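**Student:**
Structure, rendered in structure tokens:
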């Protein structure tokens, strides 16, 4: 039976690959990767050899249907990966996941490193309640525009960034 593993990948340190992530990558017939070159580094590090297809934000809409058709026709298990973190969380992947659900293909999340959880755990915030807004635009002037709707929300907010925001 066809199946989609949504595989979270290490963020910055390949040694964060869990046994469950490795098992999903070993069991799959095909890897749908955000960037095959990045995923190839991960696969080579752990001596995993699987065919790969790119599935990124520029081609996800056009490729997802074909991937699902191939999964159903050939009874394939596919592992969906992104460059670092979890597919579909500020990364490509949600289109393929939705297409699999629509086609009745089981979707199995394989948890792993999370930039959101990692940042919250080290920030010293009371994180019992929080909202994740995604990554802010890097282009000058767009950051402030993207944040304006947040000002109307009735909660406390903080921004974490590793680069100038260009407000």
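Numbering (the working numbering), first residue to last: 310 to 476.
Cβ coordinates follow ideal geometry from the N, Cα and C atoms, glycine included.
Keep in mind the model is a prediction, meaning the values are calculated, not measured.
(1) Would you identify the three-state DSSP class for residue 359, choosing helix, strand or coil?
(2) State whether the stretch 336–344 contacts the stretch 382–390, with contact taken as three or more CB pairs (one from each stretch) at a distance under 8 angstroms.
(3) I need the straight-line Cα distance from residue 322 to residue 330, nearest angstrom please.
(4) Measure how close the beta-carbons of residue 406 and residue 317 come, nearest whole angstrom, since I'm counting them as under 8 angstroms.
(5) Am I right that residue 452 and residue 446 are in contact with their C-beta atoms under 8 angstroms? What's the rounded C-beta distance?
(6) In the DSSP assignment, find the unbroken alpha helix (DSSP H) run with residue 415 in it and report its ends.
(7) Return the bridge partner residues of residue 379 from the DSSP annotation.
(8) Taking the continuous alpha helix (DSSP H) assigned at residue 428, which residues delimit it?
(9) Roughly how many whole angstroms lie between the Cα atoms of residue 399 and residue 425?
(10) Pick helix, strand or coil for residue 348, following the three-state DSSP scheme.
(11) In chain order, what residues of the same chain have a beta carbon less than 7 angstroms from the beta carbon of residue 365, not counting five sequence neighbours either side?
(12) Are there 16 or more other CB atoms within 10 angstroms of the CB of residue 383, so buried, or fewer, so exposed?
(13) What did DSSP end up calling residue 322 once you bin it into helix, strand or coil?
(14) Is residue 357 near residue 385, with beta carbons less than 8 angstroms apart?
**Tutor:** By the coordinates alone:
(1) coil
(2) yes
(3) 14 angstroms
(4) Contact flag wrong, Cβ pair sits at about 13 angstroms.
(5) 6 angstroms
(6) Counting along the chain, residue 415 falls outside any alpha helix (DSSP H), and DSSP gives it neither H nor E.
(7) According to DSSP, residue 379 bridges with nothing at all.
(8) 424–432
(9) 10 angstroms
(10) helix
(11) 343, 344, 401
(12) exposed
(13) coil
(14) no
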